[in-house]
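Read through the structure below, which is laid out as structure tokens, and then see the notes.
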Amino acid sequence: MAEYRRLEVKEVGDVTVVYFRDQKILDDLNIQELGQELNHLVEVENCKKLVLNFTTVEFLSSSALGKLITLEKKVKNTGGILKLCEIQPEILEVFTITKLDRLFKIHPSEADALAAF
Amino acid sequence: MPESSWIWIREHCVPSNYEAARAIRDELISELENHDWGKREIFGVHLALEEALANAIKHGNQEDEAKRIHAILRLSEDRVQIVIADEGEGFDYYHLPDPTDKQHREKPSGRGVLLMEKFMDRVEFNERGNRVLLEKRRLFAD
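Top to bottom, those sequences are chains A and B.
My numbering numbers the first residue of the first sequence as 1 and each following residue consecutively.
My numbering numbers the first residue of the second sequence as 1001 and each following residue consecutively.
What follows is the structure, given as structure tokens:
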């Protein structure tokens, strides 16, 4: 598995669990880089089962949401599954307001997300 | 609201880049923290300001650093007011597609204005659509 500047990645069985190094996912350049690294996991590393763990994330903007939507499409197109977990209440509200909670599979904990595959 | 009611006012005219935007954002968030605003309130103001600045840089000024972002930040005991203006063509605020509609939900952009409206108490664009006023009242705990 490659080294990433914005992500920490671990394997749990055949599932790839991804953590974010940044507490605040902000600034266009960082978000572009984050998007590239997420895409790399699907397009180059060929990860089919992905869990994004948001436990460290205190803030994200709509631009970051856009990268997650793009990732979700890529994963779906390769026949994979993407799950999100451990999203803090304020950020979960962003997903609810935008109705992206209907697009993404969101689980309260990493254990729940892993058990749901 | 009379100018005398504001306890803190800052005005900025900066180039259209993310570093300048970050300085504006950090200045206001720091001031809200100094005045003990709640975590959720700060999150909402932060998000709305972030979206307004990103819109101004990206969509308004088309990332042209020769064009300026104008920002006014005002704080009173019970509210925060933000004005962000760019030098772009503006947009038609009244005919934005609803990003929560099923047909738009998978688009990667177009949610900034919705988030401003949901997290702030007042969102007003000028007619041209290149200036936005955001306001949020503070909720005091009992």
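Glycine included, every Cβ here is placed at the ideal spot set by N, Cα and C.
Judged by DSSP secondary structure, Gln1081 (chain B) falls outside any alpha helix (DSSP H) and instead within the beta strand (DSSP E) spanning 1079-1085. Linking Glu37 (chain A) to Asp112 (chain A) through their CA atoms gives a straight-line distance of about 25 Å. With contacts defined by Cβ atoms closer than 9 Å, Leu1139 (chain B) and Glu1041 (chain B) form a contacting pair.
In the three-state reduction of the DSSP assignment, Ile1007 (chain B) falls in the coil class, being assigned neither a helical nor a strand state. Of all residues in the stretch 1015-1046 of chain B, the ones placed with a Cβ closer than 7 Å to any Cβ belonging to chain A are Tyr1018, Arg1022, Arg1040, Phe1043, His1046, in chain order.
Among the CB atoms of chain B, one or more fall inside 9 Å of the CB of Lys67 (chain A). By the Cβ test, the stretch 1112-1130 of chain B is in contact with the stretch 1043-1053 of chain B, since at least three Cβ pairs between them sit closer than 8 Å. Put simply, the CB of Phe117 (chain A) is far from chain B, with every gap to its CB atoms at 9 Å or more. Within the stretch 8-27 of chain A, the residues whose Cβ lies closer than 8 Å to some Cβ of chain B are Leu26, Asp27, listed in chain order.
In this structure, the CA atom of Met1120 (chain B) is about 24 Å from the CA atom of Val1014 (chain B). In the DSSP assignment, Phe1125 (chain B) falls within the unbroken beta strand (DSSP E) covering 1122-1125. Proximity of chain A to Ala1052 (chain B) at the Cβ level (cut-off 8 Å) is not reached, the minimal Cβ distance being about 11 Å. Inter-residue distance for Leu100 (chain A) and Leu1133 (chain B) is about 26 Å (C-alpha atoms, whole angstroms). Within chain B, no C-beta atom comes less than 8 Å from the C-beta of Val75 (chain A); the nearest is roughly 13 Å away. Contact note: Arg1105 (chain B) reaches chain A through Ile69, Thr98, Lys99, Leu100, Arg102, Leu103, using a C-beta cutoff of 9 Å and chain order. The C-beta separation of Leu50 (chain A) from Val18 (chain A) comes to about 6 Å, placing the pair in contact by the 8 Å criterion.
Secondary structure within the stretch 75-106 of chain A: the beta strand (DSSP E) runs of 3 or more consecutive residues, fully enclosed, are 81-85 (chain order). In this structure, DSSP gives Glu3 (chain A) a state outside helix and strand, which the three-state scheme calls coil. According to the DSSP assignment, Ala1021 (chain B) belongs to the alpha helix (DSSP H) that extends over 1018-1034.
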